[in-house]
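Residue numbers (our numbering): 981 to 1257. The block underneath contains the structure these notes are about, expressed in C-alpha cells.
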C-alpha cells in the first residue's frame, strides 16, 4: 500500500526503524546513543555537526557514531514529489558484545588509525545496497517480519561495515581494549550536557569503578569538579572574549541555575561574571 501524501510514518521492528515523511521536513537535534546506520531510499537526510554539513541522498548511506549530538533534517523533495524514506539500523551495545564474542580474536586488526569523527558517509557498495534493498518490502507491508530475520539484518549490517573499513572495528567494539573511548575527549565534547558520572562511564565503555580509576590517571581532581571547572573556564572565555551575555552563557555551558553559576564563577575568578577585570 502506498501512503497518502499527507501521511507521516515511523515504525520499528527490533532495532530497525523505518521513517516515511511526505508532507513536510522533520528537524531534530538528538543525542545519538547507539551506533546507527542510515540508508536513504528517497528525499534527503541532512546532518549538521558544528561546522560540518553532510547531505545523504537517495541510494546513499551514513554511519552515525554513538554518544554524539547531531542536528538532523529529514527532507522530502517537494519539486520531485519525492517523500523522505529511510531506514535507521541501530547497533545496541549488548548486541555488539554478543557479536564480538563470535569473532576470531586472532583476526581482529589492532593497528587501526584512530579517527575522531562522528558522521561517516559510506562509499556506495553492492553489500550496502543489497542489505537495504532487501528490506524495501517492509515499508509497504502490514506483515511484521520475524525478530530473528531483523536480527540477521543487523548482523549483516555489522559485517558490511567491518568489510568496508577496518576502522569500524574500533568504532563498534570500543568497549574492548584498545578501543575504549578517550575520557577527556568525551568530556571535552560533552561537558555542557546533564550527564551523571555513571552515564559518562557507560558512554566511554567503562564500569563506574574502572572509569574512576582511569580518571585518576589523567586528573588530580574528581570528575564532578573537573566538569564544573571546565564549564566555568568556557564561560569566562565566552563572556570575556566573545562578549556574550551572562544570561545566555550559563545555560550554554551546562548550568541550570543563574544564581548557582554566579556563585561558582565568583569563587573561581574572584568577581561576579558581569564584572570582568
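C-beta: ideal position from N, C-alpha, C; glycine also.
Query: Own chain residues within Cβ distance below 6 Å of residue 982, not counting five before or after; Result: Annotation note: pLDDT 40 at residue 982 (below 50); position unreliable, coordinate value reported separately. None.
Query: Under the three-state DSSP convention, the category residue 1140 falls into; Result: helix
Query: CA nearest to the CA of residue 1251, picked from 1087, 1228, 1219, 1184; Result: 1219
Query: Spatially closest choice to residue 1042 from 1102, 1170, 1163, by CA coordinates; Result: 1102
Query: Neighbour-count burial assignment, residue 1082, 16 or more Cβ in a 10 Å radius; Result: exposed
Query: 7 Å CB neighbourhood of residue 1008 in its chain, flanking five on each side removed; Result: 1052
Query: Neighbour-count burial assignment, residue 1054, 16 or more Cβ in a 10 Å radius; Result: buried
Query: Residue 1081, enclosing beta strand (DSSP E) - first and last residue; Result: From DSSP, residue 1081 is part of no beta strand (DSSP E) but of the alpha helix (DSSP H) over 1073-1081.
Query: Enclosing beta strand (DSSP E) for residue 1024 [first to last residue]; Result: 1024-1029
Query: Residue(s) in a DSSP beta bridge with residue 954; Result: Because the chain is modelled from 981 through 1257, residue 954 falls outside the range shown and cannot be assessed.
Query: Own chain, CB closer than 6 Å to residue 993, minus 5 neighbours either side, in chain order; Result: 1125, 1130
Query: Extent of the continuous alpha helix (DSSP H) to which residue 1175 belongs; Result: Run containing residue 1175: none; DSSP gives neither H nor E here.
Query: Proximity to residue 1195 [Cα-Cα], best of 1210, 1167, 1136; Result: 1167
Query: DSSP-derived helix/strand/coil call for residue 984; Result: At residue 984 the pLDDT is 40, less than 50, meaning the model places this residue with poor confidence and gives no usable figure here.
Query: Neighbour-count burial assignment, residue 1070, 16 or more Cβ in a 10 Å radius; Result: buried
Query: Three-pair Cβ contact test at 8 Å for the segment 1171-1185 versus the segment 1224-1238; Result: yes
Query: Residue 1185 and residue 1154 closer than 8 Å at C-beta; Result: yes
Query: Where the beta strand (DSSP E) through residue 1037 begins and ends; Result: Element bounds for residue 1037: n/a, residue is neither H nor E.
Query: Close beta carbons around residue 1045, own chain, < 8 Å, minus the five adjacent residues each side; Result: 1012, 1015, 1097, 1098, 1099, 1100, 1151
Query: Contact check, residue 1216 vs residue 1183, beta carbons under 8 Å; Result: no
Query: Span of the beta strand (DSSP E), counted from its first residue to its last, around residue 1233; Result: Per DSSP, residue 1233 belongs to no beta strand (DSSP E) and is neither H nor E.
Query: Contiguous alpha helix (DSSP H) assignments of at least 4 residues, all confined to the segment 1193-1252; Result: 1203-1220, 1226-1232, 1238-1249
Query: C-alpha distance - residue 1254 paired with residue 1204, whole-angstrom precision; Result: 25 Å
Query: Contact set for residue 1121: own chain, Cβ-Cβ below 6 Å, skip 5 residues either direction; Result: none
Query: Three-state secondary structure (DSSP) of residue 1105; Result: coil
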